[in-house]
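Notes follow the structure.
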Ligand SMILES: Nc1ncnc2c1ncn2[C@@H]1O[C@H](COP(=O)(O)OP(=O)(O)OP(=O)(O)O)[C@@H](O)[C@H]1O
Ligand SMILES: [Mg+2]
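The structure is reproduced here in structure tokens:
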């Protein structure tokens, strides 16, 4: 997208959004107004305003972001835990490795019908599909970091008579914080994408449902507006993750 | 060998009572296998050592002979093969024993990079001591290795030799009864090394800890040791076991001028070199 945009590890400079804004302005003022399915950006904002007045904009944003946050937290927790288990136990790794590969290559779109059959059009179904597809960057990063922990570091813990709990808290987890953070940075945009995908596919709730509805009734300005909104949310998510990375580095120096 | 085992134990004062015969360490027909399943290799076989309390033992031997492996067995980090007998203070060793601390050859891997020097030294004290007390102990230990002014630096801000000294301080802070040190001074410059040798010897005399010390440096071994053990063979066993005739008080200059020092040094060199040409 834009240089220094949403891939930066720490807070990306917003200045990098300039080309995008210039592009939108050019569209607004230079593009022909007559093409119905390519409305200019100001129309998008009006469409969003209409949606807000009708009372369905904020609840949609809220639902999507709640699903996003819940799925991300689940992915971090389950991904880290599984990553540690597999990284620290060769036996488990050999036992579960092939089935993990199977799940890893499963596309989210293919999972949705199955999940709907089992769980119905529910919040849990969304969480299940999203977590299952976005857990991998975290799991794989943590697994390889857990494998690479210096054996001397763990021997030191044994020789200094650290309890099991203290060893996890003071040695293992801090050794993996970097990998968890990196995995989360990669996973967060995926989580957002899959949440929207599930919402669009199931027309259940959230921004995805609004996009799907608007598209099926040919309200193209609303579709564009919602897509732009999604982009802004994605940007906000990345800023937040970069910022939490700084917090984590601060935690690291305190264990 | 049995002559050697007796000595130095007598000087350790009135240690009595039944279970407590003044022997800290005892291993009989010790064997150690490393590797897994088909790749198992016998590294040490039929090794007998008895170490009296308070003895400063230096272990020598060519690279790869099994010195680190032996020390790891003593530290409870590697199990001995079935049939071996291995005791510390009359109790079989089945894990890292209380009161024993290990100083690793690989200091970089064993320090925590997200902790300052002082916090690294405190690591082993956090579960047992209140904050003020463990900070005091950590500072004393850092003082002993000459790093009191670097207490708030992170390992990455320190040279290799300084990091190794932090690791030594971490061990000293626990005031161990048994100190297992794997080439602790290998990464140090000559000057720091000579200072720390004397300091370690002083700490040993003052604390009464038993020390097992691996080194490649014959002069260092002869200067520090109450007793010298040379490992040799494949699998390794005790090739030479000598009690040092040098007086307890050691000094970088005067001790190294003693005829007994030169004689002992000669014997060890012969043993190490003899291994190279004959076997
Ligand atoms: N995990 C392992 N599996 C199999 N063999 C091993 C393993 N670790 C070490 N060895 C072998 O055991 C032998 C002894 O290794 P050790 O590290 O004890 O030697 P060392 O005397 O400490 O050498 P150095 O002076 O170079 O540190 C070596 O030949 C080494 O190849
Ligand atoms: Mg070694």
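Protein chains in written order, with my numbering: chain W, 50 to 304; chain D, 115 to 393. Each residue gets a CB set at the ideal place from its N, CA and C atoms; glycine is no exception.
If we require 4 or more residues per run, which alpha helix (DSSP H) segments fall completely within the stretch 209-262 of chain D? As summarised for the stretch 209-262 of chain D, the continuous alpha helix (DSSP H) elements at least 4 residues long and confined to that stretch are 221-224, 231-236, 245-258, given in chain order.
> Going by the beta-carbon positions, is the gap between residue 140/W and residue 195/W smaller than 7 Å?
Replying inline: Cβ atoms of residue 140/W and residue 195/W: not closer than 7 Å.
Measuring alpha carbon to alpha carbon, tell me which residue in 217/D, 294/D, 302/D is nearest residue 273/D.
Per the C-alpha coordinates, the member of 217/D, 294/D, 302/D positioned closest to residue 273/D is 302/D.
### Message
So, at 6 Å on beta carbons, what are the nonlocal neighbours of residue 258/W in its own chain, with the 5 sequence-adjacent residues on each side left out?
### Response
Only residues of its own chain outside the window of five on either side were considered, and among them 248, 252 have a CB closer than 6 Å to the CB of residue 258/W, listed in chain order.
Q: Can you tell me which of 304/D, 238/D, 386/D puts its alpha carbon nearest to the alpha carbon of residue 353/D?
A: Looking from the CA of residue 353/D, the closest CA among 304/D, 238/D, 386/D belongs to 386/D.
What span of residues does the beta strand (DSSP E) with residue 144/D cover, start to end?
Per DSSP, residue 144/D belongs to the beta strand (DSSP E) from 137-148.
Beta-carbon within less than 6 Å of residue 186/W's beta-carbon, same chain only, minus the 5 sequence neighbours each way: which residues are those?
Closer than 6 Å at Cβ, skipping near neighbours: 232, 235, 236.
* Asked: Can you list the residues of chain D that residue 212/W reaches, using a CB-CB cut of under 7 Å?
  -> Residues of chain D whose Cβ lies closer than 7 Å to the Cβ of residue 212/W are, in chain order, 241.
| So what does DSSP say about residue 264/W, is it helix, strand or coil? | DSSP places residue 264/W within a helical segment (H, G or I) once states are collapsed to three.
Could you please give me the residues that DSSP links to residue 98/W through a beta bridge?
None; residue 98/W has no bridge partner.
Could you check if residue 89/W is buried or exposed, using at least 16 other CB atoms within 10 Å of its CB as the buried criterion? That one is buried.
- prompt: For chain W, is any of its Cβ atoms less than 7 Å away from the one on residue 322/D?
  reply: Look at residue 322/D: its C-beta is not under 7 Å from any C-beta on chain W.
Worksheet item: Going by beta carbon distance, what residues of the same chain come within less than 7 Å of residue 465/D, once the five residues before and after it are set aside?
Response: For chain D, the structure presents residues 115 to 393; residue 465/D sits outside this window and is missing.
Where the beta strand (DSSP E) through residue 155/D begins and ends: Boundaries of the beta strand (DSSP E) around residue 155/D: 155-166.
_Rounded Cβ spacing between residue 325/D and residue 171/D (contact assumed at less than 8 Å)_ = Taking the Cβ atoms as the reference, residue 325/D lies roughly 7 Å from residue 171/D, within the contact range of under 8 Å.
Q) Along chain D, in chain order, which residues have C-beta atoms closer than 8 Å to that of residue 209/W? A) Identification of chain D residues near residue 209/W by a Cβ-Cβ cut-off of 8 Å yields 215, 237, 238, 284, 288, ordered along the chain.
What I want to know is whether the C-beta of residue 182/D ends up closer than 6 Å to one or more non-hydrogen atoms of ligand 2. Indeed, a heavy atom of ligand 2 lies less than 6 Å from the Cβ.
Task: residue 195/D (DSSP reduced to helix, strand or coil) - done: Correct three-state label for residue 195/D: coil.
Q) Taking the continuous beta strand (DSSP E) assigned at residue 346/D, which residues delimit it? A) Counting along the chain, the beta strand (DSSP E) containing residue 346/D begins and ends at 341-346.
Item to check | For residue 284/D and residue 286/W, the rounded distance between their alpha carbons | outcome: Taking the straight line from one Cα to the other gives about 42 Å.
According to DSSP, is residue 155/W part of a helix, a strand, or is it coil?
Looking at residue 155/W - three-state DSSP - the assignment turns out to be coil, as it is neither helix nor strand.
Quiz item: What number of angstroms, rounded off, separates the C-alpha of residue 375/D from the C-alpha of residue 341/D?
Solution: The C-alpha of residue 341/D is placed about 13 Å away from the C-alpha of residue 375/D.
#### Entry: C-beta contact flag for residue 185/D and residue 294/D at 7 Å
Cβ distance < 7 Å, so residue 185/D and residue 294/D count as in contact.
**Request:** Assign residue 295/D to one of three DSSP states: helix, strand, or coil.
**Result:** Three-state DSSP puts residue 295/D in a strand.
In chain order, which alpha helix (DSSP H) runs of at least 4 residues are fully inside the stretch 102-152 of chain W?
Those alpha helix (DSSP H) runs which fall completely within the stretch 102-152 of chain W and span 4+ residues are 106-137.
(Q) Just to make sure I have the definition right: I need the residues of chain W whose C-beta is within less than 9 Å of the C-beta of residue 191/D. Which are they? (A) 204, 207, 208, listed in chain order.
Of all Cβ atoms in chain D, is any one closer than 7 Å to the Cβ of residue 142/W?
It does not: the Cβ of residue 142/W has no partner Cβ on chain D nearer than 7 Å.
Local Cβ density within 10 Å of residue 190/W, reported as buried at 16 or more and exposed below that | Taking all protein chains shown into account, residue 190/W has 16 or more neighbouring C-beta atoms within 10 Å of its C-beta and is therefore buried.
Worksheet item: Any idea if residue 242/D is buried or exposed, counting beta-carbon neighbours within 10 angstroms, 16 or more meaning buried?
Response: Residue environment analysis places residue 242/D among the exposed positions, since fewer than 16 neighbouring C-beta atoms fall within 10 angstroms of its C-beta.
- State yes or no: is the C-beta of residue 155/D nearer than 6 Å to some heavy atom of ligand 1? Yes, ligand 1 has a heavy atom inside 6 Å of this Cβ.
Measuring straight from C-alpha to C-alpha, what distance separates residue 276/W and residue 113/W?
Distance from the CA atom of residue 276/W to the CA atom of residue 113/W, rounded to whole angstroms, is 13 Å.
*Quick one: list the residues of chain D neighbouring residue 215/W, beta-carbon separation under 8 Å, in chain order.*
Result: 240, 241.
So residue 373/D contacts chain W; which residues on that side make the cut at Cβ distance below 8 Å? Those do not exist, as residue 373/D stays about 40 Å from chain W at its closest Cβ, beyond 8 Å.
Measuring alpha carbon to alpha carbon, tell me which residue in 388/D, 360/D, 287/D, 150/D is nearest residue 214/D. Comparing alpha-carbon positions, the option among 388/D, 360/D, 287/D, 150/D lying closest to residue 214/D turns out to be 287/D.
Cutoff 7 Å; reference residue 261/D; Cβ partners in own chain excluding five residues on either side | Within the same chain, Cβ atoms closer than 7 Å to the Cβ of residue 261/D are found at 231, 276, 279, 280, 283, the five residues on either side in sequence being excluded.
Problem - Strand pairing of residue 355/D, partner residues [DSSP] - result: According to DSSP, residue 355/D bridges with 343/D.
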